[in-house]
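For the sequence shown, the residue numbers in our numbering are 343 to 597.
Using N, Cα and C, we set each Cβ at its ideal position, and we do this for glycine too.
Below: the structure, in structure tokens.
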Amino acid sequence: MCSSRFSLDGKVALVTGSARGLGRGLALGLAEAGADVVLLDRILVDESAEAIESLGRRCCTLQTDLVQLDTDAAREIIRNSVAAMGRLDILVNNAGVIHRAPAGELVEAMWTESILVNLTAPFLLSREACRGFAERGDGGKVINVASMLSFQGGQSVAAYAASKSGLVGLTRALATEYACHAINVNAIAPGYIETELTSALRNDRERSRGIRARIPAGRWGRVEDVQGAAVFLASAASDYIHGAIIPIDGGWLVA
């Protein structure tokens, strides 16, 4: 059991992009800490739902393509989450897309999709969730999933780097605006984590070897390496933390 400051008992979290990979891991980590979970993805989330329910937590699922998200759709997602679970306390903006191509070959549709999913959707969902938190009057938590490329340019990932850099700015802006309502807006910035999103890099032996050599911890991160920070930022233990960006990178940024 978690200590009371870290426990999420009685809380409800909405996690986007939670069908697999990091999103699934974050949803499971929050459930293990006591939260009930709303799973949102553009594909079916049955396996994630089964895993959460096996922990004895309540779960509901929403299927939405965030490329098409607008204000009305974001408001409906938040309303449906509250209607299904009785309340909403935590929003985790995890869903993301990445297109790997030199800038000269990056077509406009790739750029647009990256901005819509990685930056616009977190803004719209955060705005609606924070409105609800403020109206209820007892605070709430927003956790954005940034990236090492929020701080660096990367290679052939212009749209992803731009969107994730913007997400850090959005996190800080919303944190200053909503802190007076006891709403914490923070972000985690995973480094090179073993997920489907990084499979192309891991399958490139030369790039993978170079990345691993650059990480002081000497290995790629695993999904479970990211769960603890998310639980911390979702819990009462982080009530006085606003606008923080927590790198989870095996020491990459300080090397």
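Contact with chain C by residue i, beta-carbon distance below 8 Å
i, result
"residue 392", "In the displayed structure, chain C is absent; only one protein chain is listed."
Nearest-angstrom Cβ-Cβ length linking residue i and residue j, presumed shorter than 8 Å
i, j, result
"residue 529", "residue 355", "That pair is no contact at about 16 Å."
"residue 453", "residue 501", "5 Å"
"residue 430", "residue 405", "Actually they are not in contact, since the Cβ atoms of residue 430 and residue 405 sit about 18 Å apart, beyond 8 Å."
Own chain partners of residue i with C-beta closer than 8 Å, once the 5 adjacent residues on each side are dropped
i, result
"residue 581", "481, 524 and 526"
"residue 543", "534, 549, 550 and 553"
"residue 426", "380 and 402"
"residue 559", "592 and 593"
Own chain partners of residue i with C-beta closer than 7 Å, once the 5 adjacent residues on each side are dropped
i, result
"residue 508", "461"
"residue 498", "442, 443 and 444"
"residue 409", "455, 458 and 459"
"residue 489", "506, 531 and 532"
"residue 510", "488, 492, 529 and 587"
"residue 369", "357, 360, 379, 381, 390 and 394"
"residue 590", "530, 531, 532, 533, 563, 567, 568 and 571"
"residue 475", "481, 482, 523 and 525"
Cα-Cα separation, residue i to residue j
i, j, result
"residue 571", "residue 588", "8 Å"
"residue 348", "residue 394", "19 Å"
"residue 400", "residue 596", "40 Å"
"residue 512", "residue 469", "11 Å"
"residue 353", "residue 547", "42 Å"
Burial state of residue i (16 or more Cβ within 10 Å)
i, result
"residue 351", "exposed"
"residue 343", "In this prediction, residue 343 scores a pLDDT of 43, lower than 50, which makes its location untrustworthy; no coordinate-derived value is stated."
Beta strand (DSSP E) segment containing residue i, residue limits
i, result
"residue 531", "525-532"
"residue 588", "587-590"
"residue 434", "432-435"
"residue 403", "401-405"
"residue 380", "378-383"
Element boundaries [alpha helix (DSSP H), containing residue i]
i, result
"residue 573", "565-576"
"residue 482", "Note, residue 482: premise wrong, no alpha helix (DSSP H); beta strand (DSSP E) at 482-487."
"residue 472", "463-478"
"residue 351", "Neither: residue 351 is in no alpha helix (DSSP H) and is coded neither H nor E."
"residue 549", "547-556"
"residue 422", "413-427"
"residue 373", "363-374"
"residue 509", "500-520"
Contacting residues, own chain, Cβ-Cβ under 6 Å from residue i (five flanking each side not counted)
i, result
"residue 537", "363 and 364"
"residue 366", "360 and 390"
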